[in-house]
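Student:
Here you go:
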């Protein structure tokens, strides 16, 4: 199931002195099963873009075609889109409201009109996927658990709708290093288990470096870079110009090359750096 | 070296009425020196935020004592003097701003202290200029970015002229630009204005800037030393659930594989030097 | 963006009315409203008309804002007029059709009520259009201060108003975010009967309440850390001071009020 974004433009407060182009003629094609990282600053348009993909926002001009259907057309039933495209907002733990964890996670599937047994099945699966044991946690209030656990409940709440495309907006925001690693690993597992297309929005280069097949960099409403991580991280100057930094090892590799080291400029993880350096220095 | 904060065998537990509550702070000894930039590093749940709230008497220890500039936090008559000397900046930029416009919020602290009107005006202007937010003094807070809001919060504390400022995870909710702005301001305050800084964080990029780091876990101090000393303990840090700079981790891995480089590499330049040495 | 619309429709400006001390404006508005009900003949209301129109002109307010403020009460005005017209008993009959009667007294009463309501809203609008929410809370706090002696928590009330105003845009933002998050989970807010719609609000209200309590808690901690302990001993950076223009305005207003009271004998 693919997503095709064609010439998408979104203008806030058009016709007033406060007019602002949040998205400027963006065209992107996303294939089934990709793991995409959407990177950019606050104000780059990334949050606006993802809200278009699940129909929360309508474009000023342009089209979005999901699974062959143009969702920007007036008559489209939004519930149909929500079935296919799941969106987890930033600080998702703040959306919890039900009496028990089970009920909160069931909210999404219930709204899809599924049978009680199907809802049950999906809730169990989702809870186990995010590492919250069903029997242990089902009757606990979502407000009686830690922040990290709350966030996992919120993610489970969207995952339980079993969308084909899952979008997560800054899923690691505010978490400590361990919490971050845990959530990112869970997302990797989710992708495998449910066979989803995943889009992660982030401004942490290190986070996405480990997970994404493809990185799209947004700046001032435009998609300025689009490619494999190793291609993107090479563009150090461009990234710095738009206020983004590359992983520390990428800077290291650049310095080493200037000092005459014959090392690849496509390194962005510690593992790769270690392998390459050992090869060079043991010669 | 004058010690501005002293924690003597501090224990603290949250009184939720639940049984078997774990001690949030479990026997802690700490001193903070005048003019120091101290970072308290720890993961979520380590007790670091709980500790921070002891430094301005928002929390009182169950056992042991906390002294701020020689004043015991248990003495209620000293609470306002303690808070006047040790200001605190919190994690959520929005939930610290009280007033409808920036300059009125910065004036809030001095107004509470009963300072004369003209004096407040001059302190507010000076504080805003220090954090580079003077141009925004008539703005409404909801129009500002996270980093800008935090700087306004800092100005609000500066206007009270404390000698110590405690920062409780001030950048946790900010994007990289906001984080940079706030850390730059904090370093500026320490170096150019001689304010003692205690920064609570789990971000090691910020911790690298400290004079001294104290690592907390399970309510206790597990490690203490300079950034160099702390981060070279790669294995221990990872076990506690914290990060080290990528170059430090890389050097650890290379040493494990038999390369002869020093084990306390902190910056890219040092790494480059070491590797060039081997070439 | 909704958050750019300020409460009470304050429109910034530099007119003499904008610069008047807010305490005086509040007091004058109060007396103006009471005065409206003291006047009991049309000649008196001519004074009101002239005074209000001049104020609008001096304040530089566009008439469309005044009309905007009147729109919501149009229905109320109509109902009041009708009731007073047809249901007031009296001595002089001026119209009758079957059992429906209109007396002269009813006609006068209805007209006065209509005029009073319109001027009441207009007068209040002039106040809120020319006085910022901060000035209003400062002015109110100052006026209520003397009542502290009889137990009125003037400072606390003013503080509550200030904080409420400060957080309105923030809360609106948060509501928007929560709504979007729940919509992304398939929630629907504009379908079904009244009961269904009310139930649909729970996923918005519960998170909003919880976050508001947390917010209040954190704000209280931040305020305490900045040595807040109520109104005792508090000073202010901006002190309200009366100026010459304030005295002139008071003089003009008192003259106006005197004229309107004198009109009862015209």
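Protein chains in written order, with the numbering used here: chain U, 33 to 315; chain Y, 191 to 469; chain R, 6 to 271. Every residue gets a Cβ at the ideal spot worked out from N, C-alpha and C, and that includes glycine.
Tell me which same chain residues have a C-beta within less than 6 Å of the C-beta of residue 194(R), skipping the five on either side of it?
Tutor: 205
Student: Quick one, are the C-beta atoms of residue 162(U) and residue 199(U) less than 7 Å apart?
Tutor: It is not a contact, given that the beta carbons lie outside the stated cut-off.
Student: Using the Cα positions of residue 130(U) and residue 276(U), report the straight-line distance between them to the nearest angstrom.
Tutor: Each residue's Cα considered, the two are about 39 Å apart.
Student: In whole angstroms, what is the alpha-carbon distance linking residue 156(U) and residue 221(U)?
Tutor: 16 Å
Student: Residues of chain R with a CB under 9 Å from the CB of residue 362(Y): which are they?
Tutor: Those do not exist, as residue 362(Y) stays about 13 Å from chain R at its closest Cβ, beyond 9 Å.
Student: Go through its chain and collect everything with a Cβ distance to residue 350(Y)'s Cβ below 7 Å, but skip five positions before and after it.
Tutor: If the five residues before and after residue 350(Y) are omitted, its C-beta is found closer than 7 Å to the C-beta atoms of 274, 277, 299, 300 and 303, all from its own chain and listed in chain order.
Student: By the 8 Å beta-carbon criterion, what residues does the stretch 419-432 of chain Y contribute toward chain U?
Tutor: 431 and 432
Student: Please confirm whether residue 227(Y) and residue 380(Y) have their CB atoms less than 7 Å apart.
Tutor: yes
Student: When the cut-off is 7 Å and only beta carbons count, does residue 301(Y) lie next to chain R?
Tutor: yes
Student: According to a CB-to-CB cut-off of less than 9 Å, which residues of the stretch 199-229 of chain R neighbour chain Y?
Tutor: 219, 220, 221, 222, 223, 224, 226, 227, 228 and 229
Student: Taking C-beta pairs closer than 7 Å, name the residues in chain Y that residue 211(U) reaches, listed in chain order.
Tutor: 234
Student: Which residues of the stretch 105-130 of chain U have a Cβ closer than 9 Å to any Cβ of chain R? Give them in chain order.
Tutor: 110, 111, 114, 115, 117, 118, 119, 120, 121, 122, 123, 124, 126, 127, 128, 129 and 130
Student: Quick one: which chain R residues come within Cβ less than 7 Å of residue 140(U)?
Tutor: Identification of chain R residues near residue 140(U) by a Cβ-Cβ cut-off of 7 Å yields 190 and 191, ordered along the chain.
Student: For chain Y, check one thing: does any of its Cβ atoms lie closer than 7 Å to the Cβ of residue 280(U)?
Tutor: At a cut-off of 7 Å between beta carbons, residue 280(U) contacts chain Y.
Student: Closer than 7 Å by beta-carbon distance: list the chain U residues that pair up with residue 461(Y), in chain order.
Tutor: The contacting residues are 284.
Student: Kindly indicate which three-state DSSP category residue 272(U) falls into: helix, strand or coil?
Tutor: helix
Student: For residue 404(Y), collect the residues of the same chain with a Cβ closer than 8 Å to its Cβ; drop the 5 residues on either side in sequence, then sort them by chain order.
Tutor: 220, 228, 229, 230, 231, 411, 413 and 414
Student: Among 120(R), 98(R) and 64(R), which one has its Cα closest to the Cα of residue 52(R)?
Tutor: 120(R)
Student: CA-CA distance, residue 18(R) and residue 338(Y)?
Tutor: 27 Å
Student: So, is the C-beta of residue 214(U) closer than 7 Å to a C-beta in chain Y?
Tutor: no
Student: Between which residues of its own chain and residue 90(R) is the CB-CB distance below 7 Å, once the five residues before and five after are set aside?
Tutor: 107, 111, 112 and 115
Student: Which residue wins for smallest C-alpha separation from residue 195(U), given the options 54(U), 60(U), 64(U) and 57(U)?
Tutor: 64(U)
Student: Contact criterion: CB-CB distance below 7 Å. Does residue 247(R) meet it with respect to chain Y?
Tutor: So no, residue 247(R) is outside the interface.
Student: Quick check on residue 23(R): buried or exposed, where buried means 16 or more other Cβ atoms within 10 Å of its Cβ?
Tutor: Counting the other CB atoms within 10 Å of its CB gives residue 23(R) a total of 16 or more, which places it among the buried residues.
Student: So, is residue 94(R) buried or exposed, given that buried needs 16 or more other C-beta atoms within 10 angstroms?
Tutor: exposed
Student: Closest to residue 308(Y) by CA distance: which of 263(R), 132(R) and 244(R) is it?
Tutor: 244(R)
Student: Decide if residue 102(R) is buried, meaning its Cβ has at least 16 other Cβ atoms within 10 Å, or exposed.
Tutor: exposed
Student: Check residue 59(R) in the structure and name its three-state DSSP category.
Tutor: It is helical.
Student: Please list, in chain order, all residues of the same chain as residue 89(U) whose beta carbon is under 7 Å from its beta carbon, the five residues on each side excluded.
Tutor: 42, 80 and 83
Student: Under 7 Å between the Cβ atoms of residue 144(R) and residue 21(R)?
Tutor: no
Student: Which residues in the same chain have their Cβ closer than 6 Å to the Cβ of residue 284(U), if we skip the five residues on either side of it in sequence?
Tutor: none
Student: In terms of alpha-carbon separation, which member of 142(R), 176(R) and 157(R) lies closest to residue 165(R)?
Tutor: 142(R)
Student: Return the CA-CA distance between residue 83(R) and residue 76(R), expressed in angstroms with no decimal places.
Tutor: Going by the C-alpha atoms only, they are around 12 Å apart.
Student: Can you pull the chain Y residues whose beta carbon is under 9 Å from the beta carbon of residue 184(R), in chain order?
Tutor: In chain order: nothing, as chain Y lies at least about 18 Å away.
Student: Quick one: what's got a C-beta closer than 8 Å to residue 255(U)'s C-beta in the same chain, skipping five residues either side?
Tutor: Short of 8 Å from the beta carbon of residue 255(U), and not among the five residues preceding or following it, lie these beta carbons of its own chain, in chain order: 58, 59, 60, 248 and 249.
Student: How would you list, in chain order, the residues of chain U whose beta-carbon sits under 8 Å from the beta-carbon of residue 437(Y)?
Tutor: 280, 281 and 284
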